[in-house]
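So the sequence lines, in the order shown, correspond to chains A and B.
Residues in the first sequence are numbered consecutively from 886, following our numbering.
Residues in the second sequence are numbered consecutively from 698, following our numbering.
The beta-carbon is built from N, C-alpha and C at its ideal position, and this holds for glycine as well.
None of the values given here were measured: they were computed from a predicted structure.
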Amino acid sequence: VGAVRDPEQSGLEQSGQGQSRLGQSGLDFEAFAAARWSRLVRTAYLLTGDHHEAEDLVQSTLAKVFPGWATISRLDEPDAYVHRALINNNRSRYRRSRVRQLLTARLPEPVQEDGGRTVEQRSLLIQALAGLPPKQRAVVVLRYWEDLSEQQVAEVLGCSPGNVKSQASRGLRKLRGHPALASYAPYAPERDLEGAGPR
Amino acid sequence: MTTEDMVRRALREEAEALAPSAWSAGPIHAAARARAQRRRARRVALAVAVAVAAPVAAVAVLAPGPGAVRTVSVDAPTVPAPSATHSDSSSPSLPVSRVLIVTDSQKVAIGHGQWLRLTAAESCQGGGGQSEQCSATANGNQAPDSVSLRISGDSDGTLFVPLYIGSGQAARITVTVAGRTYPVTVLTLPGHPGYATGYAWVPGGAGGQESATVYDAGGAVLARFAWG
């Protein structure tokens, strides 16, 4: 996955009218996006904790990827590129949302009674994930939901495998005592935490 | 079961319980187009800024000191103060509007001592020594999915106040005057009030070919009105 680059800095979006949907590998953008859509939305949901925000995040990520698809589709692993774009996009969204709370004149929309779930109604697991710092949350989601290796997660996040390992370990430690995992816990006291780090 | 296994299983069950909407390429293409438009608009704005700054810098370098300021103020190209960027109407890029969500009955200063005030039923303009003038937004007086325009002015410029009524969400409004397109600062109430208004101060007087166009976030035209 050595060819993975930051989509914000890749300069791949300048293909203009030449934004072919088909790369040389023959990987069609719409076929790729259609095949990955559900999985990406689920990943984004675990990253954001909100269904609609997750779909918006994936749409905007694919929209950023689309203009450079002719080049991206020729990478060894376009999926890794898209994952990285998704993570970076989510990071930007997170930063913007924090600033907006302080600076915007925009008022919150009234709560929809029949709309999306409120914070209180969100699942325990989403609450547990919300308690993790953004990078740790991304490591946990990529490592244990996407089943990426430490090396792959490190390439997506632009850090070292050792850092991924420690972030995953800390994330697991925080999640272990959360009620979200209570129903999965064995009856016997757990003694495996030391060996529970990513392999 | 290890903590790792528990987390894997919990994540899988949580994620798989989610039912994503059906895949559609339309929003992706619309978002990509809107993004490309924003990038083009930024390039145009940058080009205008460079074009304005270059002669200013040249004059400042050639004639530093108090006199240079007067020279620049006379010789430099006139820049419309309230809407610093504009583009030719034939350009594919559109100026970006600022969108302000305001509270009901809040008076929003729009420059030159004037203000706009929005309620669920009307959009009102006042100040500047003039009595308040209101346009109904919910009584059917203006056809749905249309844009109207109120034009006024003073010695410093012409004020355009468009009013869009319709089910769309106005994300950008422009007025085109004498072949130049200016962004309108969009004002709307929270949620889906069914209308949006805004304002743009344009240097000089009104006249000739003019138009107002309302776009949604994807760049699609919601309503257009041309006259002259």
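- At a cut-off of 9 Å between C-beta atoms, B:TRP720 counts as an interface residue with respect to chain A.
- Spanning the alpha carbons of B:GLY723 and A:TYR930 requires a straight line of approximately 21 Å.
- Ranking B:GLU819, B:ILE848 and B:GLY825 by CA distance to the CA of B:GLN839 puts B:GLU819 first.
- Listed along the chain, the chain A residues whose CB falls inside 8 Å of the CB of B:LEU884 amount to none; the nearest CB is some 10 Å away.
- Cα atoms of B:ARG814 and B:GLY825: separation of roughly 14 Å, rounded to the nearest angstrom.
- A straight-line Cα-Cα distance of about 15 Å links B:GLU710 and A:LEU932.
- 9 Å or more divides the Cβ of B:VAL918 from the Cβ of B:PRO859.
- Our two residues, A:ASP961 and B:ARG706, have alpha carbons roughly 30 Å apart in a direct line.
- Here B:VAL704 is not near A:VAL967, since their CB atoms are 9 Å or more apart.
- Cβ-Cβ separation between B:THR700 and A:LEU1033: approximately 18 Å, too far for a contact (criterion under 8 Å).
- The Cβ atoms of B:PRO900 and B:THR871 lie no closer than 9 Å to each other.
- A distance below 9 Å separates the beta carbons of B:THR834 and B:ILE862.
- Proximity of chain A to B:LEU813 at the Cβ level (cut-off 8 Å) is not reached, the minimal Cβ distance being about 14 Å.
- Per DSSP, reduced to three states, the secondary structure at B:ARG795 is coil, with no helix or strand assignment.
- Taking C-alpha positions only, B:ILE807 is separated from B:TYR896 by approximately 7 Å.
- In the three-state scheme derived from DSSP, where H, G and I count as helix and E and B as strand, A:ASP964 is classed as helix.
- Collapsing the DSSP output to three states places B:ASP702 in a helix.
- Under DSSP, the beta-bridge partners assigned to B:PHE857 are B:ILE848 and B:ALA897.
- Contact annotation, A:GLY1016 with A:LYS949: C-beta distance approximately 29 Å; criterion of less than 8 Å not satisfied.
- Contiguous alpha helix (DSSP H) elements confined to the segment 1024–1060 of chain A occur at 1035–1042, taking only those with 4 or more residues.
- Annotated three-state conformation of B:PRO880 is strand, per DSSP.
- Using a Cβ-Cβ cut-off of 9 Å, B:HIS809 does not count as an interface residue toward chain A, since no Cβ of chain A sits closer than that to its own.
- For the segment 1028–1044 of chain A, the residues whose beta carbon sits under 7 Å from a beta carbon of chain B are, in order, TYR1029 and TRP1030.
- The C-beta of A:SER1068 has fewer than 16 other C-beta atoms within 10 Å across all chains shown, which makes the residue exposed.
- With a cutoff of 9 Å on beta-carbon distance, B:THR800 and B:PRO887 are scored as near each other.
- Rounded to whole angstroms, B:VAL805 and A:SER1008 show a C-alpha spacing of 41 Å.
- Taking C-beta atoms under 8 Å as the contact rule, A:ALA1039 and A:SER1045 qualify, at a distance of about 6 Å.
- Under the three-state reduction of DSSP, B:SER864 is assigned to coil, being neither helix nor strand.
- Per the C-alpha coordinates, the member of B:ALA909, B:GLN866, B:ARG737 and B:ARG795 positioned closest to B:GLY876 is B:ALA909.
- Under the 10 Å beta carbon count, B:GLU829 is surrounded by fewer than 16 other beta carbons and is classified as exposed.
- Within its own chain, the residues whose Cβ lies closer than 6 Å to the Cβ of A:LEU1014, once the five positions on either side in sequence are excluded, are ARG1022, listed in chain order.
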